[in-house]
Amino acid sequence: MSKEKPSIPKGTRDFGPAVVVKRNYIFGVIKRTFEKFGYLPLETPAMEQLSVLTGKYGDEGDQLIFKILNSGDFLSKTTAADIEQGSKQLTRKISEKALRYDLTVPFARFVVMNRNEISFPFKRYQIQPVWRADRPQRGRYREFYQCDADVVGTNSLLCEAEIVQMIDEVLSTLGMTDFTIKINHRGILAGIAEAIGEKGREGDICVAIDKLDKIGAEGVRKELQDRGIAEGAVDKLEPLYDLKGSNAEILDQLQTLLGSTEEGQRGLKDLREVWEYLDNLGSYALSTQNPSGKLRLQLDVTLARGLSYYTGCIFEVKVNNANMGSISGGGRYDNLTGMFGMPGVSGVGFSFGVDRIYDVLEELQLFPASSEVGTKVLIVQFDKEAERYALPLLQKLRDAGIASELYPEAAKLKKQMSYADQKKIPFVLLIGSEEMASGKLKLRDMQTGEQDELYIDDIIAQLKAEAK
RNA sequence: GUGGUUGUAGCUCAGUUGGUUAGAGCACCAGAUUGUGAUUCUGGGGGUCGUGGGUUCGAGACCCAUCUUCCACCCCA
């Protein structure tokens, strides 16, 4: 026997029964919503060919990919020269597979591999864990779940509008009442860059602006200057930070500022179209008021979401009454499958951060009691004879759809009762010699402590009524 | 990847400038109560002080390494 204390790898977690039940509740709401909007599930393997993943997330991303050591004698194909050339060269020789880093690249790979079977537009959702060799922090793990929904093969902005609808529906169903869906457009950002005289520099501008919440206008100014943006340009940029008014008013202000730029025009046209779709859908996101007064759907020109592959609309969701980063985000990308040699497929997608949503629901105490499944009734037994008597009743309860268990041995009553107590089983059924003689069983309500003597059919009826 | 931080019972934490046998609350187990949990009373079990080295007559405390936790960057969900 080893004395070694068991442990799990850094940045990973066990989920106990109570946590899994709550997580499944969140997954359930998300799945039902995705399916209601015509998205179908997809699953891909935990591991991909390393070559499929490398180069897709930038140099930094490549370092964060968990590589899988080749099985067998993984050194057999390497030479001393390989080792001398360093870890990059060596990695290719000793590792051919890697753990999935996100769900988007495997999705693109799937689309390309199955292009002839798929009918476009192709709408899929995917809820699976991904792995990153990142340094963990609160809300950041090395293994975590992503819930992606993407549609590829159409340019229609209806998809963008429906993303807003799905986000609104999922979060509302989960009981959140104060959240803001921020929306922006890469065209707007490009237009801004052009309008302030820094055409083509929107990448640098985005990275800096994205930090506005965190480091403030002064910090952003410094970061922009470090990145080589002219001071005059920054002066022109800053008024955009706090554009006032409704979304329509902001759009009008942007029209005068960016109307002359081609990219800005494209962004404004797209955004107006999204709003028109939402309007005609009768979107709750347009009509619902947040208690904090912040708009439910907010055009925010400072939303940048890194640089990555987004080319059109971009989204991000912030919960206003909880201390948490964005819990959902996404956007449109023009050329997702281009990396696998299939150009010209436009797509738009977004993702929920389940771990963060969990923390928010916990913080705001929004998990409903009904999300906690569990045994409804425990049959307590006194001896072998009572056990035999109880077995058909147990089956009858289960046939009636009532989650029930029989304590598997004739332990002390105290032990059996406290088992029910700790497992939060709301009812206990006591079967002893008196009960067997009369056929009337004692049903104890563990919350009130009240006990009734009832026939089994009445008990089933009562428990079923209770379940509603 | 850079800089910092944390680790003592199942959990939350005390533990004096290094000095007997490392404590508390909660939790757990048993009894008070052989047909009744959660409340009450009484008793009990449980710690190689994250791990490995080092300094010292003596280390939970000091030094080094390593793992882990959390935080700020980087980046991201």
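Take any residue in the first sequence, count from 1 to its spot, add 652: that is its number in our numbering.
Beta carbons are placed, not taken as given, at the ideal position from N, Cα and C, and that holds for glycine.
Since we're looking at a predicted model, the values are computed, not measured.
- prompt: Closest by CA to Val1032, which one among Lys1064, Gly1101, Glu700?
  reply: In the first sequence, residue 1032 corresponds to position 380, counting from 1. Out of Lys1064, Gly1101, Glu700, Lys1064 has the C-alpha closest to the C-alpha of Val1032.
message: Please classify Gly981 as buried or exposed, where buried requires at least 16 other C-beta atoms within 10 Å of its C-beta.
response: Taking the first residue of the first sequence as position 1, residue 981 is located at position 329. With 16 or more Cβ atoms within 10 Å of its Cβ, Gly981 is classed as buried.
message: I need the DSSP call for Asp1104, collapsed to helix, strand or coil.
response: Here residue 1104 refers to the residue found at position 452 of the first sequence. Of the three classes helix, strand and coil, the one that applies to Asp1104 here is strand, per DSSP.
query: Which partner residues of Ala801 appear in the DSSP bridge assignment?
result: Working through the first sequence from its first residue, we reach residue 801 at position 149. Answer is Tyr777, Phe1002.
- prompt: Pick from Met976, Arg752, Glu854: whose alpha carbon is nearest that of Ile916?
  reply: Within the first sequence, the letter at position 264 stands for residue 916. Note on identity: in this sequence residue 916 is Gly, with Ile being the wrong assignment. It is Glu854 whose Cα lies nearest to the Cα of Gly916.
query: Can the beta-carbon of Gly805 be found closer than 8 Å to that of Pro773?
result: Stepping through the first sequence from its first residue, residue 805 is reached at position 153. Stepping through the first sequence from its first residue, residue 773 is reached at position 121. Yes, Cβ-Cβ distance for Gly805 and Pro773 is below 8 Å.
message: Are the CB atoms of Ile1108 and Leu1030 within a distance shorter than 8 Å?
response: Taking the first sequence and counting its residues from 1, one reaches residue 1030 at position 378. Taking the first sequence and counting its residues from 1, one reaches residue 1108 at position 456. No; because the gap between Cβ atoms is not below 8 Å, this pair is not in contact.
query: Taking C-alpha atoms, which residue in Tyr961, Leu742, Glu1087 lies nearest to Gly990?
result: Mapped onto the first sequence, residue 990 falls at position 338. Among Tyr961, Leu742, Glu1087, the Cα nearest to that of Gly990 belongs to Tyr961.
task: Helix, strand or coil for Ile833, going by three-state DSSP, please let me know.
output: Looking up residue 833 in the first sequence gives position 181. DSSP places Ile833 in strand when its eight states are reduced to three.
- prompt: Starting from Leu705 and walking both ways along the alpha helix (DSSP H), at which residues does that stretch end?
  reply: Mapped onto the first sequence, residue 705 falls at position 53. First-last of the alpha helix (DSSP H) with Leu705: 702 to 705.
message: Within a Cβ cutoff of 7 Å, which residues of the same chain sit near Ala1038, ignoring the five residues on either side of it in sequence?
response: Start at 1 with the first residue of the first sequence, and residue 1038 comes out as number 386. Here the set comprises Ile1083, Gly1084, Met1088.
- prompt: Are Val782 and Phe762 touching if we call contact CB-CB under 8 Å?
  reply: In the first sequence, residue 782 corresponds to position 130, counting from 1. In the first sequence, residue 762 corresponds to position 110, counting from 1. Cβ distance not < 8 Å, so Val782 and Phe762 don't count as in contact.
message: Please report the straight-line C-alpha distance between Leu1013 and Asp1097, rounded to a whole angstrom.
response: Translated into the one-based positions of the first sequence, residue 1013 becomes position 361. Translated into the one-based positions of the first sequence, residue 1097 becomes position 445. Rounded to the nearest angstrom, the two C-alpha atoms are 29 Å apart.
- prompt: By a C-beta neighbour count over all protein chains shown, 10 Å radius and 16 as the cutoff for buried, is Gly839 buried or exposed?
  reply: Within the first sequence, residue 839 is the residue found at index 187, counting from 1. Buried: at least 16 other Cβ atoms inside 10 Å.
- prompt: Which residue from Ala732, Glu748, Leu694 puts its Cα closest to that of Asn722?
  reply: On the first sequence, residue 722 is found 70 positions in, with the first residue counted as 1. Selected option, being the one with the closest Cα: Glu748.
Rounded C-alpha distance that separates His837 from Met976: On the first sequence, residue 837 is found 185 positions in, with the first residue counted as 1. On the first sequence, residue 976 is found 324 positions in, with the first residue counted as 1. In a straight line, the C-alpha of His837 is about 23 Å away from that of Met976.
- request: Could I get the ranges of all uninterrupted beta strand (DSSP E) runs contained in the segment 907 to 955, with 3 residues as the minimum, in chain order?
  value: Listed in chain order, they are 949 to 951.
field: Secondary structure of Cys858, DSSP reduced to three states
entry: Along the first sequence, read from residue 1 onward, the residue named residue 858 stands at position 206. Residue state, collapsed to three classes: helix.
query: Helix, strand or coil: which one does DSSP assign to Glu748?
result: The residue labelled residue 748 in the question sits at position 96 within the first sequence. Glu748 falls in the strand class under three-state DSSP.
task: Under 8 Å Cβ to Cβ from Tyr1041, same chain only, skipping five residues before and after it: list those, please.
output: Counting from 1 along the first sequence, the entry for residue 1041 is found at position 389. Same-chain partners within the cutoff: Ile1083, Met1088.
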